[in-house]
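Take a look at the structure below.
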Amino acid sequence: MKNLYILSLPLLLIFFPSIGNYDNDNIQQRSENQRKDSKGIVLYEHPNFKGKNTVVSESWAGSDIDEWDDRISSLSIPTGWTIVVYEQPNFQGKSEELQGNWTTHSVSDFWNDQISSFQVYSTRSANKDLNAVLLESDYEAYGGWIYLHNPTSNNYTVRLKITTPVFGGGVESRIEEHDISNRSKVPLGRTYVNSGGFLSPQYEKIIYEIIDIE
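Just so we're aligned: 149 in my numbering is position 158 of the sequence shown, and the numbers increase by one with no gaps anywhere.
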């Protein structure tokens, strides 16, 4: 009886080749159903939406994600939602914005088990035009300031990513949020920073990036 079972399995695969793809299709369907039913983004510890999982909700920002640090390999993201992932804690290092179902395809993929912090947005794709608020500088050499310019003075809350060169090389990134409601111009900070110290000054530009407007 055992031999008959062993012989019959290759025959089934020959006459019904779709059986081999059933698991992958079923996993994708389960992920799609969970994506629709969940009230947030589903994190999975393995590629292809497998293994331990948890749901993170709207406006959740994880600067220290504890047990999920360097353990995320796939994400199920509802329509209209966005997650920004970072390779280092506190929203530092390489980052990427993701929408829709996402999975690493091999252990050699950069993001496989490399996410150490992230930010979640439920309405980012429907947010106001990012060009509604402008970044402006007074362009003074090494001493200039950069501002948020709100031409219409409308009620906006602006989220920015600020990347600053640091002494000894490298950069530090941070996220800031500014309420600029009914204000036409809001100072943010210097345009340049001295990353070389007092004895060997080296002025490098600070990068200000608007990532969200509500």
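No residue lacks a Cβ here, since even glycine has one placed at the ideal position from N, Cα and C.
Fair warning: this is a prediction, and the values are worked out from it, not measured in the lab.
Could you have a look at residue i and say whether DSSP puts it in helix, strand or coil?
{"i": "Asp170", "result": "strand"}
{"i": "Trp102", "result": "coil"}
{"i": "Trp248", "result": "Since the first residue shown for the chain is -8 and the last is 205, residue 248 is missing from the structure and cannot be characterised."}
{"i": "Asn(-6)", "result": "Any reading at Asn(-6) must be qualified, since the residue scores a pLDDT of 46, below 50, and its modelled position is unreliable; the value itself is stated next. Asn(-6) falls in the helix class under three-state DSSP."}
{"i": "Asn39", "result": "helix"}
{"i": "Asp129", "result": "coil"}
{"i": "Asp61", "result": "coil"}
{"i": "Arg21", "result": "Reliability of the predicted coordinates at Arg21 is poor, the pLDDT of 45 falling under 50, and the value obtained from them is presented with this limitation in mind. Three-state result, Arg21: helix."}
At a cut-off of 6 Å, is residue i close to the ligand PLP when judged by its beta-carbon and the heavy atoms of the ligand?
{"i": "Ile137", "result": "Because no ligand of any kind appears in the structure shown, any question about the ligand PLP cannot be addressed here."}
Candidates the options: which alpha carbon is nearest residue i's?
{"i": "Ile166", "options": "Gly159, Arg181 and Ile201", "result": "Ile201"}
{"i": "Val76", "options": "Pro38, Leu34 and Ser144", "result": "Leu34"}
{"i": "Gly134", "options": "Phe189, Pro38, Glu36 and Tyr183", "result": "Tyr183"}
{"i": "Phe109", "options": "Lys152, Lys43 and Tyr199", "result": "Lys152"}
{"i": "Glu168", "options": "Thr45, Ile32, Ser86 and Tyr199", "result": "Tyr199"}
{"i": "Thr143", "options": "Gly161, Phe82 and Ala123", "result": "Ala123"}
Tell me which same chain residues have a C-beta within less than 6 Å of the C-beta of residue i, skipping the five on either side of it?
{"i": "Asn146", "result": "Ser172"}
{"i": "Asn103", "result": "Ser64 and Thr95"}
{"i": "Pro38", "result": "Ser64, Ser65, Thr94 and Thr95"}
{"i": "Asp170", "result": "Thr148"}
How long is the line joining the alpha carbons of residue i and residue j, rounded to whole angstroms?
{"i": "Tyr138", "j": "Phe40", "result": "43 Å"}
{"i": "Val149", "j": "Gln90", "result": "21 Å"}
{"i": "Gln193", "j": "Gly187", "result": "5 Å"}
{"i": "Pro80", "j": "Thr154", "result": "14 Å"}
{"i": "Ser113", "j": "Leu125", "result": "23 Å"}
{"i": "Asp100", "j": "Lys196", "result": "31 Å"}
{"i": "Ser64", "j": "His96", "result": "9 Å"}
{"i": "Trp72", "j": "Val111", "result": "8 Å"}
{"i": "Gly180", "j": "Asn141", "result": "16 Å"}
{"i": "Ser67", "j": "Phe189", "result": "49 Å"}
{"i": "Ser175", "j": "Glu36", "result": "45 Å"}
{"i": "Ser48", "j": "Asn92", "result": "16 Å"}
{"i": "Gly42", "j": "Lys30", "result": "19 Å"}
{"i": "Ile32", "j": "Val46", "result": "5 Å"}
{"i": "Gln105", "j": "Gly159", "result": "25 Å"}
{"i": "Ser191", "j": "Asn44", "result": "50 Å"}
{"i": "Leu82", "j": "Gly161", "result": "The amino acid at residue 82 is misidentified as Leu; the sequence shows Phe. Roughly 15 Å separates the two Cα atoms."}
Enumerate in chain order the residues of its own chain whose CB-to-CB distance from residue i is below 8 Å, with the five nearest sequence positions on each side excluded.
{"i": "Glu107", "result": "Note that residue 107 is Ser in the sequence shown, not Glu. Closer than 8 Å at the Cβ level, and outside the excluded window around Ser107, lie Ile56, Asp60, Asp61, Tyr77, Glu78, Gln79, Pro80 and Gly84."}
{"i": "Trp136", "result": "Ser128, Asp129, Pro178, Leu179, Gly180, Arg181 and Thr182"}
{"i": "Glu87", "result": "Val75, Val76 and Trp102"}
{"i": "Glu58", "result": "none"}
Using C-beta distances below 7 Å, list every residue in its chain close to residue i, excluding the 5 sequence neighbours before and after it, in chain order.
{"i": "Asn118", "result": "In this prediction, Asn118 scores a pLDDT of 48, lower than 50, which makes its location untrustworthy; the coordinate-derived value is nonetheless stated afterwards. Once the five neighbours on either side are set aside, the close Cβ partners of Asn118 are Asp203, Ile204 and Glu205."}
{"i": "Val157", "result": "Glu163 and Ser186"}
Original post:
In the segment 174 to 199, which residue ranges form an unbroken beta strand (DSSP E) of at least 3 residues, counting only runs that do not cross its ends?
Top reply: Counting only runs of 3 or more, we get 176 to 181, 183 to 185 and 194 to 196.
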